Structure formats: C-alpha cells, structure tokens
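Student:
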Amino acid sequence: GQGCFYSQMFEVKIEVVIPEKERSKEEMSPNGKASPLIYKVNGTARHYHLEEHPIASNPYHNPKDVVEASVCHVKDLENGQVSSHAVLAPVAVLGVLSKGRVRCPWHGACFNISTGDIEDFPGLDSLPRFQVKIEKEKVYIRASKQALQTQRRTKMMAKCISLSNYNLSSTNVLIIGAGAAGLVCAETLRQEGFSDRIVMCTMDRHLPYDRPKLSKSMDSHPEQIALRPKEFFRTYDIEVLTEMQVAAVDIKNKIAVFKDGFKMEYNKLLIATGNTPKALSCKGKEVENVFNIRTPEDANRVVKLATSKNVVIVGASFLGMEVAAYLAERAHSVSLVELEEVPFKKFFGERVGRAVMKMFENHRVKFYMQTEVSELREQENKLKEVVLKSGKVLRADVCVVGIGAVPATGFLKQSGINIDSKGFIVVNKMMQTNIPGVFAAGDTVMFPLALRNNKKVNVPHWQMAHMHGRIAALNMLAHGTEISTIPYLWTAMFGKSIRYAGHGEGFDDVVIQGDLDELKFVAFYTKSDEVVAVASMNYDPIVSKVAEVLAAGRTIRKRDVE
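If you're matching positions, the sequence shown starts at 1 in UniProt numbering and goes up one per residue.
1) Distance check for A178 and N538, CA to CA, integer angstroms please.
2) Taking the alpha carbon of K382 as the reference point, which residue from R395, G391 and K413 has its own alpha carbon closest?
3) Starting from the Cα of F121, find the closest Cα among V426, D517, A465 and E385 and give me that residue.
4) What whole-angstrom Cβ distance do V314 and V337 have, given they're in contact under 8 angstroms?
5) Who are the Cβ neighbours of C201 in its own chain at under 7 angstroms, not counting the five residues just before and after it?
6) Of the choices V311, N167, L376 and F347, whose alpha-carbon is the least far from that of F524?
7) Are V445 and H479 closer than 8 angstroms when you measure CB to CB?
8) Helix, strand or coil for P296, going by three-state DSSP, please let me know.
9) My output table needs one value for C399: the three-state DSSP class, helix, strand or coil.
10) For C160, which of helix, strand or coil comes out of DSSP?
11) Rounding to the nearest angstrom, what Cα-Cα distance links V139 and K155 in this structure?
12) Is it buried or exposed, Q151, if we count other Cβ atoms within 10 angstroms and call 16 or more buried?
13) Could you pull out every unbroken beta strand (DSSP E) segment of at least 3 residues lying fully inside the UniProt domain "Rieske" (89 to 141), listed in chain order?
14) Could you tell me the boundaries of the beta strand (DSSP E) in which G514 lies?
15) Output needed for G3: all residues of its chain with C-beta closer than 7 angstroms, excluding positions within five of it in sequence on either side, in chain order.
16) Determine whether the beta carbon atoms of K263 and S169 lie at a separation below 8 angstroms.
17) What's the C-alpha gap between L449 and A299?
18) Taking its Cβ as the centre, do 16 or more other Cβ atoms sit within 10 Å of H529, making it buried, or is it exposed?
19) Name, in chain order, the residues that DSSP records as bridge partners for E239.
20) Rounded to whole angstroms, what's the CA-CA distance from I512 to A440? Just pull it up for me.
21) Tell me, to the nearest whole angstrom, how far the beta carbon of I198 is from that of A186; I am working on the premise that it is less than 8 angstroms.
22) Going by C-alpha distance, which of R234, A248, K216 and D219 is nearest L412?
23) On a Cα-Cα basis, can you pick out the residue from K133, H107, V132 and G100 that is closest to D117?
24) Bridge partners of D250, per DSSP?
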C-alpha cells in the first residue's frame, strides 16, 4: 500500500488472473476445501524487463506515456487462462493469493486482483491495473509509464459542494482525532461520493502522520511521515483543525465543545482519539529529559540527547524495544528496565521473547528485568540517574517511558456514550456506539472480533485503526457493513521484522517451527487446541498465508501445525 510492495521501475512482476467462470472448476483442492490459487510461471517466479514497444491502437490519453512488453509465453502459465484487463501493477509474486485478492507478505495489506482496490490495510492507496493481450501465443502487458513509476492509484473521490454557504460552526461529519482511523474515515466518505462538509480536529500540531514510525525511525521529520500531503486535504475538502482539543460532547444537541470554548454542531460524529501514554509515578518524575514518544519533536529530541550518551528505557513494550533498537548504535549505553522476566512475554510468549532478548543483548542493550524505577535523580534539573527498586543506580542522560497507555476518553465521562471500566468506548461490529450517529474507531475502542467468537477486544494496532475508520464511514452512510478483519501487525528492530496475525490473548500453548536461535521461525499460538495467532521472523510469507486462511473463516487446529 504505502510503497513497501513492488519491484523497481520497469520490472513488472505478473500475476495472471483466471476469469470467474473458469475459476470455480479449479478452486477445489483434493480435500474439497478451497485452496489458495497462485499461478506461477512454470513453478518459478520469474520477472522480465520491459522492452519499449510502439503501439498502434491506443486507449491511453498520451501515447508517449505508454509502454508495452511481452512478459511470458502462454504455455508458461500453468492454467493457460488470461483475463483481458485484470493484471495489477507489480503485485509481487511473493504475495499470497486467495479468493480474488492478493495479500502483501510483509504488512498484510490486501488488494482486489480484478480492480486493484485496497481491501485491507495498512496503506491508503490502491494499485493501478494494466491491460493484457495475447498475440502469437505471447502475453503482452500494456502500462502507462506514470503508473509504473508511482505504482499506486488514489481512488476517485468526491469534493464538498456546500462549502460556499456553510456556517463555520456546523459540519455534517465531525471526526475527533487525526490518526489512521480518522483519516481513513474521511477518505472513505469522499470515495463513496459523500459531498457534504467533513471536519477533523486534532490536539497535534501536524496534519495526519504515521505515528508508529516515530519509534522505528526516530529522526523522521513530520513531512517525511505525513500520511497525505497538504494539497490532498485542500483538493478533497477535508478540513483539519490542528491544536484543537475537544473538552466535552453534548450528544443531545449534537455539539462538540472545545477547550477554548469554541462549539461545533455535527450530524455524525467519529471519536478516534487514540491513547494517552502512561507516565511514571515515582519520585522525581518531573525532571527534564524524560520522554513519552508522542510527536516527531519528541522522537527527534531524544535522538539528539541520546547520541553518545546514556539512555534508560522503561518498559519492554513495542515502543520501548523499538526505541532501544534504534538508539543501540547511536548511544553510549542503552539500559532497559522491565517488570516481567522476558520482553513481550504476554504477547509473543516466553521462548520468542527470550530469542528477541538475546538479539538485543548481542547489540549491547543491557536488561534489568523484574524490577521498576523508584526514583529519577537530577543535577541542575536535568536527569542524571535512574534508581531501580532493586537498589541498582543507572547513569542516565535521557529516559524514554514506554509502560503502556490508556484510552483518551476522559472528555466523554458525562456524555452518555457507553465506556467500560478501563475507559474504552464500546462499539458493535459497525463501529457504532450506544448513541445513534456516534461512531468510534481505533486504539480507543472495544469491538467484537469475529476471529475470537465475537469476544469484545481492544486491538491498538495500525492496520486495525485503518479498517475501523473505513467501517465507520461506510456505516455513517448506512451501508450496514460489519467488521471481520484479521488483526495484522509487525515490528522492526535491528533491520529484522517480526510479523504477527490473529489475536493471541489468553493463549495456552505455543507451537514453534524453525530455529529460534537463528531467528528464523514461525510460532503458532493456540488456545484449547485452536490456532488463534501466528508470529514469524525470516519466514515469509507464512503470516500472510495464515491470515488469509483465518480470513476465509477456516479453523486451524493445533494438530495441523504440529
């Protein structure tokens, strides 16, 4: 979706798609279950360099912009079937193909193989599709150079037609929060032809950006990680009010009240405020140079302060571990303090956690486990030492806190919107709250997860926030669409990725294949004999394959993976 996929320019990787009619005959595997369809060129993944090739009849506007290439012989296609238009821009041969869509092997985004439209996230754009023809037994692809270069396609979107005469303090759709959930909601409304006013508001000073990147590449500037350029919001009339915090919502009168007293009426409301990081509660917590990583400014400042200095990270969370990995090469020392005995124990289990811990120790990260911070000491109001409950004193020039987060829903306390005891907003499969016209999405919600028998769960991850935003938008337009997505996430540390799909909460066993010491493995998380999640390192595309099987509603038993 966002440039992770796909080969270099002018190297086209081809998946050829069988038209529906012929396909139904092929779709059954010997055991009668639908099997993933994947067409290889004689069993191998080959790619071809385009030869420029003048074309006579030309459906494209600008003949100079078009290239055509013979990419293979008809005989090279195992099934010998070709559809006349349904070839996508370099859909990597590595992708996992099933039931009319292809899933990215790295981040799990899914694209329709006939249209190229994005169907599961992350990423905002769809893929271009190219024309196919057969001449003298050769398969030709015709593509515009521009599509080959950008390798992405923004869906058609509406604009707002009522902007000239609107009242400043009233909008049709108000979106509180400008992360992935809020942005995808606004974009989906426009893609679906919605042409009334959309206002997003955020406490941040930036337009929507990729917050998970802050801990993975801490030097990023806001414009490098912007989800859309400034012009995009102008073109599609998506208004963004930055540094604006909502203090209360009056659901009876459909009014949002801002901290500065400004009031805005709405017709439909999306609450996508995300989480607020937890702070340390120990002595000296107000000392300078102690950070939660929330903004590009935070991340940049930490890198500056940490370079060739001593860093202490509190919490072996995704954020804490990613920051430790990023700073390991840059800082003089990196120490990580964690209450559990192994990082990621609750999430990846003890064995995978230990393997990851070893990788960090090989990169000079020092762990202080099963303890917590009792005091932060200062010299001239700047952090100097971190004192642990175990009595150990660590030298520290900068401290990063990654001990979890709580939903940013305090402003809804008196609103009448249903919030659980932990502060999460409770929604149904259409992302609707208990109040008509009020939807919620992203890290801040509890929603029914089809994969786990509709148990209400919180999935605070990037892909899921995108999907929530899309589902909320469709249901603002009364489509009646229910969420059925398989959670998918990844983390990157020392140039290595762990991918993960499913929802492993409460797993009671882990089946591991491969070699943990070599960090080349796949781990299946089971709960009472059923696989509920999978994680892997250096084992692609297994996680995307499992995600596709689970997405098809099929059960994987423990004995299947043993």
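The C-beta atom is built at its ideal place from N, Cα and C for all residues, glycine as well.
Please read these numbers as outputs of a predicted model, since none were measured by experiment.
Tutor: If we stick to the structure as given:
1) 34 angstroms
2) R395
3) A465
4) 5 angstroms
5) I176, L241, M244 and V246
6) F347
7) no
8) helix
9) strand
10) coil
11) 28 angstroms
12) buried
13) 96 to 98, 101 to 103, 110 to 112, 118 to 120 and 129 to 135
14) D509 to D515
15) Here the model assigns G3 a pLDDT of 43, short of 50, so the residue's position is not dependable and the matter cannot be decided.
16) yes
17) 33 angstroms
18) The sequence given here places Asp at residue 529; His does not occur at that position. By the 10 Å Cβ count, D529 comes out exposed.
19) V199
20) 37 angstroms
21) 5 angstroms
22) A248
23) G100
24) I255
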